[in-house]
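Student: Residue numbers for the sequence shown follow this note's numbering, beginning at 3 and rising by one.
Note that the Cβ used here is the ideal one computed from N, Cα and C, for glycine as well.
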Amino acid sequence: MKKKLLAIITILSILLTSMSPVQAAVNYKSGYAYKTGNNVYYAFTTSSSSTAIYRINVKTKKKTKIFPKNKATGLSDFCSLNVQGGYVYCCCSVKSNFIDATFIYRIKISNGKIKRLATGINPTIVGDKIVYEQTKNTKVSAGSSMFMSVPTGKIKEMNLDGTGKKDIDSVELKDAEASYCMSGPQKTIVMGKSKYYISGKGKKLVAKKSGSKKTIFKSKNKIIGYRVLSGYVVIKVQSSGKITAYGVKTNGKNKAKLISWKLK
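Following this line, the structure appears as structure tokens:
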């Protein structure tokens, strides 16, 4: 009798365990930096200037220019970076005398080969799909020959090679970055068990965990924004006519200067 009861209890325990809800994976919006393994890929763009795409190894602090390397491509304003399978997936601009539009591209890390995947913005890899906002290219005005991108209001997904495009419902994506707010409380970014926010009149980045606070980055100039990655934070600091980006581990160690660029 005891053996039968023990067997029933064991079966019930297995069934209850299998029926326990599985915690869904958290997906974060893409942005100006992406971490995979020990490498962080990053690119920055403002209303007046932009950088190339770079990579830094968070252990060795070695920096490498990924794209473009030595040739003009006509692409600029790289943003919404994702990295998977030897490729950088991102949004960028194509500018000429006839077009000022944004597209989603796939860039091969090893040789810089590019492939246009879609007309859209804000691509984020979710599982084995790219979720993005569709845009369409339309004339600036009736008498103009210049085209620009305009959102259609549709959310779409596609395969990593650009095939299989279809409309979908909106996907929940959490914020991983925040900008400094001149008035009011600073926005908090939560990742794992830690909360990150700017303090010290805009000159400190603080991590709060289990009631304890730690300043993981501080600057003489204003921190204008930051992005939290897995175990790493990318911070933007602005001084007179220039923005500098830094990277630091979430424990405050291994601080590295990523790049500086002038505001035109």
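Assign C94 to one of two classes, buried (16 or more other C-beta atoms within 10 Å of its C-beta) or exposed (fewer than that).
Tutor: Answer is buried; the Cβ neighbour count reaches 16.
Student: Measure from the C-beta of C81 to each C-beta in chain C and report whether the shortest distance is under 8 Å.
Tutor: The structure shown contains no chain C; it holds only a single protein chain.
Student: Identify whether I170 lies in helix, strand or coil by the three-state DSSP scheme.
Tutor: DSSP places I170 in coil when its eight states are reduced to three.
Student: Based on Cα-Cα distance, which residue from Y198, N41, S172, K203 lies nearest to S185?
Tutor: Considering only alpha carbons, the answer is K203.
Student: Using a 10 Å radius around the Cβ and a threshold of 16 neighbouring Cβ atoms, would you call M160 buried or exposed?
Tutor: It counts as buried.
Student: Look at the alpha carbon of G1 and the alpha carbon of K61, and state the distance between them as a whole number of angstroms.
Tutor: For residue 1 there is no data in the structure shown, the boundaries of the chain being 3 and 266.
Student: Could you give the DSSP three-state label for A54: helix, strand or coil?
Tutor: Coil at A54, not helix or strand.
Student: Quick one: Cα of S112 to Cα of I261, how far?
Tutor: Approximately 21 Å between the Cα atoms of the pair.
Student: With burial defined as no fewer than 16 other Cβ atoms inside 10 Å of the residue's Cβ, what is the status of P187: buried or exposed?
Tutor: The residue in question, P187, is exposed, as its Cβ has fewer than 16 Cβ neighbours within 10 Å.
Student: Work out the CA separation of S78 and F100 for me, nearest whole Å.
Tutor: So the two alpha carbons sit approximately 16 Å from each other.
Student: Judging by CA-CA distance, which residue of T252, T48, I200 is the nearest neighbour of S221?
Tutor: With distances taken between Cα atoms, S221 lies closest to I200.
Student: Return the first residue and the last residue of the beta strand (DSSP E) that A103 is part of.
Tutor: Looking at the DSSP string, the run of the beta strand (DSSP E) that includes A103 is 101-110.
Student: Whose C-beta lies closer than 7 Å to the C-beta of K168 among residues of the same chain, with five residues either side of it excluded?
Tutor: Cβ within range, chain order: K158, E159.
Student: Tell me, which residues are paired with F80 by DSSP?
Tutor: None; F80 has no bridge partner.
Student: Between A178, E179, M148, which has its C-alpha nearest S98's C-alpha?
Tutor: Answer by Cα proximity: M148.
Student: By the three-class DSSP mapping on this structure, what secondary structure does T252 have?
Tutor: In the structure shown, T252 sits in coil (DSSP, three-state: anything other than H, G, I, E or B).
Student: Give the single residue among K205, T154, K71, V128 whose Cα lies nearest to the Cα of T140.
Tutor: Comparing Cα positions, the closest option is T154.
Student: Measure the Cβ-Cβ separation of G76 and V96 and say whether it is below 8 Å.
Tutor: Yes.
Student: Helix, strand or coil for M184? Go by DSSP, reduced to three states.
Tutor: M184 falls in the coil class under three-state DSSP.
Student: Taking three-plus beta-carbon pairs below 8 Å as touching, is the region 128-137 in contact with the region 161-181?
Tutor: With a cut-off of 8 Å, the region 161-181 and the region 128-137 count as touching, because enough Cβ pairs lie within range.
Student: Please report the straight-line C-alpha distance between T252 and I218, rounded to a whole angstrom.
Tutor: Whole-angstrom Cα-Cα distance: 7 Å.
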